[in-house]
Each structure stands twice: as C-alpha cells, then as structure tokens.
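>
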Amino acid sequence: DAKTTQPPSMDCAEGRAANLPCNHSTISGNEYVYWYRQIHSQGPQYIIHGLKNNETNEMASLIITEDRKSSTLILPHATLRDTAVYYCIVPFNQFYFGTGTSLTVIP
Amino acid sequence: EAGVVQSPRYKIIEKKQPVAFWCNPISGHNTLYWYRQNLGQGPELLIRYENEEAVDDSQLPKDRFSAERLKGVDSTLKIQPAELGDSAVYLCASSGTGRTEAFFGQGTRLTVV
Numbered sequence: 001d002a003k004t005t006q007p008p009s010m011d012c013a014e015g016r017a018a019n020l021p022c023n024h025s026t027i028s029g030n031e032y033v034y035w036y037r038q039i040h041s042q043g044p045q046y047i048i049h050g051l052k053n054n055e056t057n058e059m060a061s062l063i064i065t066e067d068r069k070s071s072t073l074i075l076p077h078a079t080l081r082d083t084a085v086y087y088c089i090v091p092f093n094q095f096y097f098g099t100g101t102s103l104t105v106i107p
Numbered sequence: 108e109a110g111v112v113q114s115p116r117y118k119i120i121e122k123k124q125p126v127a128f129w130c131n132p133i134s135g136h137n138t139l140y141w142y143r144q145n146l147g148q149g150p151e152l153l154i155r156y157e158n159e160e161a162v163d164d165s166q167l168p169k170d171r172f173s174a175e176r177l178k179g180v181d182s183t184l185k186i187q188p189a190e191l192g193d194s195a196v197y198l199c200a201s202s203g204t205g206r207t208e209a210f211f212g213q214g215t216r217l218t219v220v
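Chains E and L, in that order, give the protein sequences. Following my numbering from start to finish, the first sequence increments by one per residue and tops out at 107. Following my numbering from start to finish, the second sequence increments by one per residue and tops out at 220.
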C-alpha cells in the first residue's frame with residue numbers, strides 16, 4: 001500500500017503562496033493523490049485530487065511530478081483561515097492519513 | 108445540499124459503559140466510512156461500507172466495537188464496553204460511486220472517564 005511522507009510543520013506569511021510537498025514514491029499507476037485539510041476541532045475537508053495532470057480548483061492547485069513520485073499542493077494566497085493540518089493521501093481507499101503537515105499562516 | 112451529519116457532537120461516559128454514535132451520510136452516497144482520530148494523530152479507518160456490506164473492517168476491534176448500516180443509508184457505531192483508551196474523535200465520511208472524494212462529518216468527541 002502506498003504511503004506518503006510530509007514535513008511535520010511549515011510556516012507561511014499571509015498573502016504569500018504556501019507550497020506543501022508530499023512524497024509518494026511507491027504510488028501505483030492508477031492511484032490518485034488526494035489532499036485534505038483539517039482545521040482544529042473540525043472534520044477533514046476535501047481540497048483536491050489528481051492522477052497525472054496538474055489540477056486547479058477554487059481552493060488550490062496540485063502539481064504532480066512526471067514520475068508521479070511526489071506532488072505539491074499550492075495555496076496561492078494564504079490567509080489566516082488556511083492554518084490547518086494538511087494531509088496527502090495515496091490511495092484513498094487505503095485510508096492512511098499519516099500525521100500530515102501543520103501549516104501556520106503568519107500575519 | 109446537507110453534508111454528513113453525526114450525533115452526538117460530544118459524549119462523556121464512564122468506563123465499561125456502552126456508547127453509540129450515529130451517522131447520516133450525504134444523500135446518494137453508497138460508500139460510508141468510520142474513522143477514529145486520537146489526539147495529535149491523523150484519522151485511522153475502522154470500517155468501510157459499500158451500501159449495506161462491510162467491505163473493510165480489518166481495523167475494527169471486534170471484541171468491543173460493532174457497526175451496522177441498515178438499508179445502506181444511516182450507520183451506527185457502537186462500543187461496548189468502553190475503555191479509557193477509546194477516548195478519541197470518531198469521524199464518519201461518505202463518498203459516491205467510483206474514485207470520488209469523501210466528505211467528512213464534524214465528528215463525535217468521546218471522553219471515557
């Protein structure tokens with residue numbers, strides 16, 4: 001089962017882009033990369049997912065390397081409300097969240 | 108559209124007592140998940156349902172935990188008897204058919220004293 005590696009914590013200045021990396025070197029060819037975040041005392045919130053191509057939605061962009069062994073979640077203009085734990089999950093049906101990256105957006 | 112609804116939001120019980128959690132998934136979602144989240148950790152899967160069938164319950168401690176999903180809609184997770192180590196947040200999530208994202212409820216925070 002594919003698992004992920006994320007840095008335990010990151011800081012980002014408000015208004016700047018937050019780039020959250022994730023390594024998933026054992027990912028299989030048909031497995032998607034999912035990103036969730038969890039704000040304190042709330043349930044995890046879906047952000048975005050992708051297979052091969054880069055993806056963008058109203059919340060974030062997902063950049064997946066050509067070999068698919070790593071990806072980066074980009075929050076283009078971080079706000080204080082983006083302070084949360086961010087989880088990279090591969091594949092979702094294995095349900096391995098890990099401990100994620102605790103992102104702190106600094107005023 | 109209503110999201111995943113869980114109740115109760117908080118529960119405090121004494122050890123050895125039973126407790127039950129209820130989940131109403133998003134309408135039309137066939138897949139339902141129960142997770143447990145310990146403090147400072149990511150959610151861990153307990154059981155996954157496809158309609159009424161439990162397709163993955165390998166992480167469910169079956170000696171004291173049970174779950175059911177009658178008619179493939181609502182689900183109940185039960186612990187009997189509860190132990191101090193069961194204190195955690197219990198999360199329910201649901202997703203549609205295929206490789207779609209899952210949506211989570213707010214969770215039930217259980218404290219066993």
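Cβ coordinates follow ideal geometry from the N, Cα and C atoms, glycine included.
Strictly below 7 Å CB to CB, what residues from chain C border Glu-208 of chain L?
You won't find chain C in this structure, because its protein chains are E and L.
> Is there contact here, the region 114-121 of chain L with the region 56-66 of chain E, by at least three beta-carbon pairs under 8 Å?
no
> Along the chain, where does the beta strand (DSSP E) that runs through Ala-18 of chain E open and close?
Element bounds for Ala-18 of chain E: 18-23.
> In terms of residues, what are the limits of the beta strand (DSSP E) holding Leu-73 of chain E?
Element bounds for Leu-73 of chain E: 70-75.
> Of all the residues that make up the region 114-127 of chain L, which are near chain E by a beta-carbon distance shorter than 8 Å?
Only those residues of the region 114-127 of chain L whose C-beta falls short of 8 Å from the nearest C-beta of chain E would be listed, and there are none.
> So which residues on chain L does Gly-15 of chain E lean against when the C-beta distance must stay under 8 Å?
Result: empty, since nearest Cβ-Cβ is about 28 Å, beyond 8 Å.
> Give the residues from the region 182-200 of chain L that approach chain E closer than 8 Å (Cβ to any Cβ), ordered along the chain.
Leu-198 and Ala-200
> Tell me, please, which residues DSSP counts as bridged to Phe-128 of chain L.
L:Leu-184
> Going by beta-carbon coordinates alone, are Asn-19 of chain E and Ile-74 of chain E separated by less than 7 Å?
yes
> How big is the Cα-Cα spacing for Ser-70 of chain E and Gln-124 of chain L?
A direct Cα-Cα distance of roughly 46 Å separates Ser-70 of chain E from Gln-124 of chain L.
> Taking buried to mean at least 16 other C-beta atoms within 10 Å of its own C-beta, is Thr-33 of chain E buried or exposed?
For the record, residue 33 of chain E in the displayed sequence is Val; it is not Thr. By the neighbour-count rule (16 or more Cβ atoms within 10 Å), Val-33 of chain E is buried.
> Would you call the CB atoms of Ala-195 of chain L and Asn-158 of chain L closer than 7 Å?
no
> Leaving out five residues on either side along the sequence, give the residues of the same chain with a beta carbon under 7 Å from the beta carbon of Gly-135 of chain L.
If we look at Gly-135 of chain L and ignore the five residues flanking it on each side, its Cβ neighbours are Gly-203.
> Looking at the secondary structure, which residues open and close the beta strand (DSSP E) in which Gln-38 of chain E lies?
Taken as a continuous stretch (DSSP letters only), the beta strand (DSSP E) holding Gln-38 of chain E covers 33-38.
> List the residues of chain E whose Cβ lies closer than 7 Å to the Cβ of Pro-150 of chain L, in chain order.
Pro-44 and Phe-97
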